[in-house]
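Following: one structure in structure tokens, then a few remarks.
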Amino acid sequence: MPRYIRNSTAISIAIAVFITMISCSIEEIPISGELPVEGAENFRSLGGYKTKDGREFKEGLLYRSGHLHNLTKADSEYLTQIGVRSIADFRGPSEVEDEPDTIPEGISYLSYPVDVAGSDLREKIVSVIRGDSEMDMTGYMLDINRQFALNYSETYGRWIHNIIDNPDSLPQVFHCTAGKDRAGFAAALLLRITAVPVETIMADYLESNEYNAEYIEKTIRKIKVLTFFKNDGEVIRPLLAVDSLYLQTAFDAIDSEWGSFENYVSQGLKLNNEDIEALKNRLLE
Numbered sequence: 002m003p004r005y006i007r008n009s010t011a012i013s014i015a016i017a018v019f020i021t022m023i024s025c026s027i028e029e030i031p032i033s034g035e036l037p038v039e040g041a042e043n044f045r046s047l048g049g050y051k052t053k054d055g056r057e058f059k060e061g062l063l064y065r066s067g068h069l070h071n072l073t074k075a076d077s078e079y080l081t082q083i084g085v086r087s088i089a090d091f092r093g094p095s096e097v098e099d100e101p102d103t104i105p106e107g108i109s110y111l112s113y114p115v116d117v118a119g120s121d122l123r124e125k126i127v128s129v130i131r132g133d134s135e136m137d138m139t140g141y142m143l144d145i146n147r148q149f150a151l152n153y154s155e156t157y158g159r160w161i162h163n164i165i166d167n168p169d170s171l172p173q174v175f176h177c178t179a180g181k182d183r184a185g186f187a188a189a190l191l192l193r194i195t196a197v198p199v200e201t202i203m204a205d206y207l208e209s210n211e212y213n214a215e216y217i218e219k220t221i222r223k224i225k226v227l228t229f230f231k232n233d234g235e236v237i238r239p240l241l242a243v244d245s246l247y248l249q250t251a252f253d254a255i256d257s258e259w260g261s262f263e264n265y266v267s268q269g270l271k272l273n274n275e276d277i278e279a280l281k282n283r284l285l286e
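Residue numbers (our numbering): 2 to 286.
This is the structure we're talking about:
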């Protein structure tokens with residue numbers, strides 16, 4: 002077999018294995034303020050944020066995270082210790098099938114599928130990394146954030162209604178795969194509905210970059226090695242990180258479709274004024 006064919010095959014196999022690694026078992030990077038959960042990335046509390054009217058998000062009610070497939074025994078014990086009663090999963094069916102959550106005993110599992118990636122995303126990424134095709138990663142991220150707003154208002158609305166209507170569902174961990182996009186949009190919705198300033202909402206959204214900074218750089222270095230430095234790895238950075246433009250694109254789509262965020266809340270999420278007050282009373286102090 003010619004050497005260039007052997008090298009191409011080796012690159013394909015290595016990249017395929019690598020893509021599986023980054024999508025299924027992402028390494029947790031400990032930083033200051035991070036909660037002690039070893040087997041889930043980007044695990045953090047949504048508590049402590051102040052609203053425009055001087056109230057504050059209660060600590061210990063909501064946690065955002067990446068997938069929970071790799072929870073250790075100590076992690077499960079920690080979730081039980083902090084009183085978690087439910088896990089809300091925004092991943093699609095194929096993601097859940099590939100990497101089902103590890104659910105500690107006594108904690109309920111709630112599924113709210115936001116399935117935007119498509120079954121061929123992994124193959125597309127492999128092709129881009131190999132240099133066989135091109136893909137506008139930033140454009141892709143902007144598109145899926147529009148989809149969160151335009152195509153999944155009913156799903157996010159059901160999740161919020163469950164928080165309002167079922168007090169036994171709290172404390173809750175809500176998550177997607179990496180804890181930054183679908184879960185990031187979910188966190189932004191709760192914060193904005195409860196009148197947390199937009200600047201604070203964006204800061205929380207962008208914290209995923211801080212939590213994942215070392216992981217992102219390590220991933221890019223691995224791509225360089227796996228492609229024998231033919232690819233500098235930067236092509237995949239928009240997929241690994243978050244950008245203020247991503248969330249702003251979702252908010253802009255809301256304004257374009259519904260005219261205002263308030264209309265989106267009432268017409269898209271199906272929350273009336275009583276629901277909003279109930280949500281505030283549930284989550285704020």
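Every residue, glycine too, gets a C-beta built ideally from N, C-alpha and C.
Note that the coordinates shown come from a computational prediction; the quantities given were computed from them, not determined experimentally.
Secondary structure at Phe-149: helix, using DSSP grouped into helix, strand and coil. Contact check for Asn-146 against Glu-42 fails: the beta carbons are separated by 8 Å or more.
DSSP, read as helix, strand or coil, puts Val-197 in coil. Secondary structure at Leu-63: strand, using DSSP grouped into helix, strand and coil.
Distance check between Ser-109 and each of Lys-219, Lys-271, Val-174 and Phe-252 places Val-174 closest, using alpha-carbon atoms only. Nearest Cα to Ile-194 within the set Tyr-79, Ala-204, Val-266 and Glu-39: Val-266. With contacts defined as CB atoms closer than 8 Å, Lys-125 and Met-136 qualify as a contacting pair.
Using a Cβ distance threshold of 8 Å, Thr-178 and Arg-65 do not count as a contacting pair. Secondary structure at Leu-69: coil, using DSSP grouped into helix, strand and coil. Note on geometry: alpha-carbon atoms of Trp-259 and Gln-268 lie some 8 Å from one another. Between the C-alpha atoms of Glu-155 and Ala-251 there is a straight-line separation of about 15 Å. Per DSSP, Val-115 lies in no beta strand (DSSP E) and is assigned neither H nor E. In the structure shown, Phe-44 falls within a coil segment according to DSSP collapsed to helix, strand and coil. Here Asn-282 is exposed, its C-beta having fewer than 16 other C-beta atoms within 10 Å. Here Leu-241 is not near Gly-185, since their CB atoms are 8 Å or more apart.
Cβ atoms of Ile-165 and Leu-270 stay farther apart than 8 Å, at about 11 Å. Judged by their CB atoms, Gly-107 and Thr-81 are nearer to each other than the 8 Å cut-off. Its chain contains Ala-150, Phe-262 and Tyr-265 as the residues whose beta carbon lies nearer than 7 Å to that of Ile-255, once the 5 sequence neighbours on both sides are disregarded; these appear in chain order. Straight-line spacing of the CA atoms in Ser-77 and Ile-104 works out to 8 Å. When secondary structure is reduced to three states using DSSP, Leu-285 falls in the strand class.
A check of alpha carbon separations from Asp-244 across Ala-204, Ile-130 and Lys-219 identifies Ala-204 as the nearest. Thr-220 has its alpha-carbon roughly 21 Å from the corresponding atom of Glu-96.
For Gln-82, there is no enclosing beta strand (DSSP E); the enclosing alpha helix (DSSP H) has its first and last residue at 74-82.
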